Every structure is written in C-alpha cells, then in structure tokens.
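The structure appears below as structure tokens.
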Amino acid sequence: MGTHIGSPGVVVTTRRRWSLARQEAIFGYLFLLPWIIGLVVFIVLPMLATVFLSLTTYSIVKPPVFTGLDNFIRAFTQDVLFWPSMGRTFQWAILFVPLAIGGAMMTAVLLNQGLTFTNIYRTIFFLPHLTPIVASMYIWTWLLQPQFGFVNELLWQVFQVQGPGWFASKDWAMPSLILVALWGAIGGNMMLIFLAGLQGVPKELYEVAAIDGANLWQRFWNITLPMISPVLFFNLVLGIIGALQAFTNAFVATDGGPAYATWFFALHIYQHAFSFSEMGYASALALVFFIILVAFTYVNFKMSVHWVYYAGEVK
Amino acid sequence: MAGAADAALGERYRSVHTFGARRRQYAGRTLLHLIAVGLSFILMVPFAWAVISSLKPWQEIRLLPPTFWPSTFMWSNYSEVWTTRLFPNWAQNTFLITILATLGTVITAALAGYAFGRFRFPGRGILFGLTLSTMMLPQAVTLVPSYLLFFYLGWLNTYYPLIVPFWFGGGAFFIFLFRQFFMTIPTELDDAAKIDGASYLQILTHIVLPLSLPVFATVGIIAFIAHYDSFLFPLIILNDPPKFTLSIGLRWFSFPPQAEVIPRDHLLLAMAVMMTIPIVLIFFFGQRYLVRGLIMSGIKG
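In order, the protein sequences belong to chains A and B. By the numbering used here, the letter at position 282 of the first sequence is numbered 458, and the numbering carries on one by one without gaps. By the numbering used here, the letter at position 57 of the second sequence is numbered 82, and the numbering carries on one by one without gaps.
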C-alpha cells in the first residue's frame, strides 16, 4: 500500500501510510460486516446446531434429550427408506448431471457460432429455465398425463405408440423428472456459464487450427474443451451439489412416488422434520447427507487436477 | 506479432478459404440454423401448449380424445383467476417478498464483493475461502436449525424469514460475481479519488457503481428469479393460505382442501402461465446485461 500514492508532491510518511492501511482495513471489515453476521447467524451457528441436534431426540414441544448416536444407528439399520432414498438421489444425479452438462455445452457451442438471430435463440433456449419450477412441473404433469396429455396423444397420432404412464408409473417417474429437468437445464444457467467461458477462448487458436486443417471435431476436442475445462468443472461441482439436493420437482410432480420411486433424500429429511416433527433425527439425516456431499466435492476437486486446464496457470 | 508474419498468416488463411470452402461454410451455417430452430421449437412446445390450453373452456381440458385447439377462446379464464379469493393476495405477497429480498441481496452482496475485491485487510483470503465454501453447503443442512431459530423468534408464518436473511450478504455466489467484476476496475481511479478526499463509500457510489451496471443487473436478475421461484423455505415458514406466495399457492390450489364441484384445471393452467410472465419480461429486458455481466465477471473457475 502507499507506494503508488506517493506521487511527486505528496509527502508520504510512515505514520500516514500505516494509518491509511488501517483505515482501509477498518472500512473493509465495515463493508463486510453484514455478510460476516449472516455467515455466523445463518450458516455457522445452524451447522453447529445441526451437529448438536443430531445427537438428540427433539420434537420442538419438549426440550431436546441427548440420545448419543441412536439417530445414526436408526438411519443406517432401521430406517427402511434411508438407503433407497439415498439410492434414488444418486441415480437421479448420475443420470441428470452429465446429460445436463453435455446438453448445455452443445447449446452454448451452437450459440457461440456467431449466427444471426443468436439473441433470439438464446432467449428461447433460456425461457424454460425461467419458468418458475412449480409452474413448469404443473404444466408438465399435464403434458405427460397418461390419458389426455399432449405427449401421449402425439405418440399415438404420429407413431401409433401407446405412451407410458410417465409420472404415474413406477418405472417412468424418474425418467420423466429427468426429461423435465433437462428441458429447463440445457438452455439455463449452465449454458450461460459455458457461453461466458467460450467467449474467453482466443479466436486465433481456431484460426491457426483451421490453417493446419483441423476439422470441426478436432477443433472442439483439442481447443474448445481444454480451454473451457474450468467452466466445465465449475458446472460439474455446482451441478452435482444442486442435483443431490433435488426437492421441489419431485415434491410437486410425484410427491416422492409412485411407490417411493422418486423419494429423494431431501424429501426424506423434509418428512421427518416437518411431517413427523423429528428434529433430532432430521438433523442426523442432514448431517450424513452433508458429509457425503463434502466427500463427493473433495473427490471432484482432487480429480480436477488431471483434466482441468487453467490458461494463466504457472506450473 | 510482427506485421510481416501477420501478412503471411493472412495470405495462408485466405488461400484456405477458396470458393468451395466458402460454400461448405454456407451449408454449415444453414445446418446450424436448422438445429437452432428445431431446438427452439421443441423447447417452446410446452409453453405454447400451456398457453393454448389455458384458454380452453374447463370441460375441454380433460376431453378424450384430447383436442389441441379450444372450441372457443376463453379469455375470461384469466380474469377469473384474478377474482379467485387468493390469487391477488399471493401475487402481492410474492412481489413484496421478492423485491425486498432482492434489494437486500444486491446491496449487501455488493458491499461484501467491494470489500473482498478492493480492500486489503488481515484475514481476507481465509474469509473469502470460507465464503466460497458455503456455495457447496446444501440447504437441507441448515434447514432445521433455521426453522427453529425463526420458531423461537416468533417469525413463523411471517415474511421476515423470507426477507431478513438476505440483507446479510445475499449468498456466496453473488458476492463472488461482484468481487470478480470489481477487480477488473483499475484501482488508479480509487487512488485519484482518495487524493481528492473522497470517502470509500463515495468511491463506491461515484466511481465503481457507474462502471458496474452490468454486474448489478446480472445479480439483480438472477436473485429476483431465485426469490420469486423460492419454494422449500416459504413452504415450511408460511402455513396460512392468504399469506402464501405464488409458488406454494399454486401447489395448494392444485390440491383443493374439499371436493369442488367444478374442476379448476383451466384456472391452474392460467395461473401457471400468468406466474411465468413477469419473469420472462424481466429477463427479456435485462438479458443483454445478464450475459455481459457474467462474461465480464470472468467466470472461468
């Protein structure tokens, strides 16, 4: 600090520089104060409370009773929905995230070709993502309604195929959720983030590659993909975290059914906390979930050094 | 690069772009347009269907075999939604909550981003790392304690839990966007202003703010959509139907508490369409800032 302020004519003494630095620090903390309070009150303390509550039995009306690891033992050994809900959540994430990322990357590449009307295409692609999730789930439950839904009618009229039961079918409920989520995701935030990344790829790289006779696929594989690997990683990390938290879509469209086919872990936590008022048990479930998520993210970061390329990085 | 080398490169480049190559490129463009139009069409079908169906007389929605066009366009479905007992309430509640929460998000996230991006103070690196790590924190982990906190504050079934927390930093992602953007503004401007005796707040409002409209628009739009769309939190906080937001109101409306004589599918569809319109308008007018803000924030990981 201070060296660039010491322009000719301004006498900078040590004492003044120290006080300027201190002043800067004080104002820095001041501007940060709301966030520091928010961090402590709404994130750090609740997390500590979750750890504490996970060791108790607590139904709000009576004070918490310390029960040690009972909640965790119950989750792992007695709760018949614990493992299935975990399985459903991962099944969903493993199918949805790669499809969403692949789709969003393709639409972003398409929009980055400098086509005329790109603005219009971008708006249209983004619209599904903008639709409030409850509204879109409601519209889709109608579209996919087995008897008088538009999709099954179309399948019948065009292909003479009897469409599946979609949300009403045990086997099709999960694919239906994925289909609807993809509708919202391939032109959504992931696409915008890819687009931002693509615009940062130097044009010269493509020009040089074109001179060297690289075809479209080679240019994508050898230039685009490495150059946008940081945004790919960003989308992957946040995509997995978001997918594992899925709640609203299943809650609105299927209520976790049929036969618990879409009973996501977040629904399981919600039910124990707010339908059964088992705050202690719900906290234990949330904690287990959190640890799994942290582990996943850690592995993700560890693996990223092998495939993410940072252009400005000094190795 | 030297001028001679540039010229040589240009020569080679031009020779590659022969007549055949140009025609191939033209064909490629047409193909890309076809893909884009096809995809647009597929993505728009659910909207088109919803809008058209929302104008059907209620008897035609559950018709077998289904029809695509309404026999008569019932524009009255939309006015009927406004005369249902609760929809105007929900719309009003939603806008009140969304606007106040978005304001808080933008203002306090900008302050935090300003501090992280342009101030030097001890512990900045650690605090910023901590901030970023909260992006990975699932909502479920803090849900129960937050609910209990609002329970003990007597805030359940009020709007405070849906507004007040967002006046405390607004979330890591937004702080990150602001910081990245503010870092691109040269600090020489600050220094010049400091010498002229400007305070830090004046530097923010007079120098940084006018140069940062894209990022303010970006955060404003994304935050508005997120608050407008919020579901889980209003669901656990609000339990009195007149106090509902549109999100949970729509779901509540689709499960009538007692059996109704006339199905209200036509009203539900009209509600779903109407609920989407404000968001589409906001995006439509703000989208050029949105993309620019994201790009200039340099999201590269």
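Heads up, the beta-carbon is just placed ideally off N, CA and C, and yes, glycines get one too. The model shown is predicted, which means the values in this text are computed figures rather than measured ones.
Proximity test, Cβ basis, 8 Å: residue i and chain B
| i | result |
| --- | --- |
| A:Ile236 | yes |
| A:Val217 | yes |
| A:Ser459 | yes |
| A:Trp211 | yes |
| A:Pro304 | yes |
| A:Trp359 | yes |
| A:Phe396 | no |
| A:Pro274 | no |
| A:Val428 | yes |
| A:Pro351 | no |
| A:Gln338 | no |
Alpha-carbon to alpha-carbon, residue j and residue i
| i | j | result |
| --- | --- | --- |
| A:Ala311 | A:Val413 | 27 Å |
| B:Phe112 | B:Gly274 | 8 Å |
| B:Met99 | B:Lys81 | 6 Å |
| B:Val244 | B:Arg143 | 19 Å |
| A:Ser195 | B:Ile228 | 19 Å |
| B:Phe3 | A:Glu200 | Absent from the model: residue 3 of chain B. The displayed extent of chain B is 26 to 326, so no value can be given. |
| B:Leu214 | A:Gly204 | 18 Å |
| A:Lys491 | A:Tyr485 | Low confidence applies to A:Lys491: its pLDDT is 41, below 50, so where it sits in the model is not reliable enough to give any reading. |
| A:Pro222 | B:Arg289 | 41 Å |
| A:Ala460 | B:Ser272 | 29 Å |
| A:Ala251 | A:His305 | 35 Å |
| A:Thr243 | B:Thr167 | 21 Å |
| B:Asp265 | B:Pro186 | 15 Å |
| B:Met161 | B:Leu56 | 40 Å |
| A:Pro202 | B:Ala140 | The identity of residue 202 of chain A in the sequence shown is Ile, whereas the question assumes Pro. Roughly 10 Å between the two C-alpha positions. |
| B:Gly326 | A:Met366 | Residue confidence is low: B:Gly326 scores 36 on pLDDT, short of 50, so the model does not pin down where it sits. No coordinate-derived value is stated. |
Exposure of residue i, with buried meaning 16 or more beta-carbon neighbours within 10 Å
| i | result |
| --- | --- |
| A:His482 | exposed |
| A:Asn295 | exposed |
| A:Trp259 | exposed |
| A:Arg264 | buried |
| A:Leu208 | buried |
| A:Ala471 | exposed |
| A:Val256 | exposed |
| A:Gln321 | buried |
| B:Ile302 | exposed |
| A:Gly278 | exposed |
| A:Asp431 | exposed |
| A:Gln421 | buried |
| B:Val189 | buried |
| B:Ser96 | exposed |
| A:Trp211 | buried |
| A:Ser451 | exposed |
Contact set for residue i: own chain, Cβ-Cβ below 7 Å, skip 5 residues either direction
| i | result |
| --- | --- |
| B:Leu257 | Gln164 |
| A:Ser453 | Ser235 and Ile236 |
| A:Met262 | Phe441 |
| B:Ala116 | Leu271 |
Short CB-CB distance (under 8 Å) between residue i and chain A
| i | result |
| --- | --- |
| B:His252 | no |
| B:Met99 | no |
| B:Thr130 | no |
| B:Ala137 | yes |
| B:Phe176 | yes |
| B:Tyr103 | no |
| B:Phe146 | yes |
| B:Met300 | yes |
| B:Gly154 | no |
| B:Leu157 | no |
| B:Val305 | yes |
| B:Gly194 | yes |
Any non-hydrogen atom of the ligand ADP within 7 Å of residue i CB
| i | result |
| --- | --- |
| A:Ile219 | The ligand ADP is not part of the structure shown, which contains no ligands of any sort. |
Own chain, CB closer than 8 Å to residue i, minus 5 neighbours either side, in chain order
| i | result |
| --- | --- |
| B:Leu306 | none |
Cut-off 6 Å between Cβ atoms - residues of its own chain near residue i, not counting five sequence neighbours on either side
| i | result |
| --- | --- |
| B:Tyr103 | Ala295 |
| A:Gly373 | Ile404 and Val407 |
Exercise. Pull out every residue of the stretch 238-269 of chain A whose Cβ sits closer than 9 Å to any Cβ of chain B, in chain order.
Key: none
Self-check item: Against chain B: residues of the stretch 367-385 of chain A by CB proximity under 7 Å
Solution: Leu368, Ile369, Leu371, Ala372, Gly373, Gln375, Gly376 and Glu383
Quiz item: Which of the residues in the stretch 72-95 of chain B, read from start to end, lie with their CB under 8 Å from any CB of chain A?
Solution: Phe72, Trp74, Ala75, Ser78, Ile86, Arg87, Leu88, Leu89, Pro90, Pro91 and Phe93
Practice problem: Output, in sequence order along the chain, the residues in the stretch 307-322 of chain A whose CB is closer than 8 Å to any CB in chain E. | Solution: Looking at the structure shown, chain E is missing, and the protein chains on hand are A and B.
Quiz item: Of the residues that make up the stretch 176-190 of chain B, which ones have a beta carbon closer than 9 Å to any beta carbon in chain A?
Solution: Phe176 and Pro190
Quiz prompt | chain A contacts from the stretch 231-249 of chain B (Cβ-Cβ distance under 9 Å) | solution = Ile247
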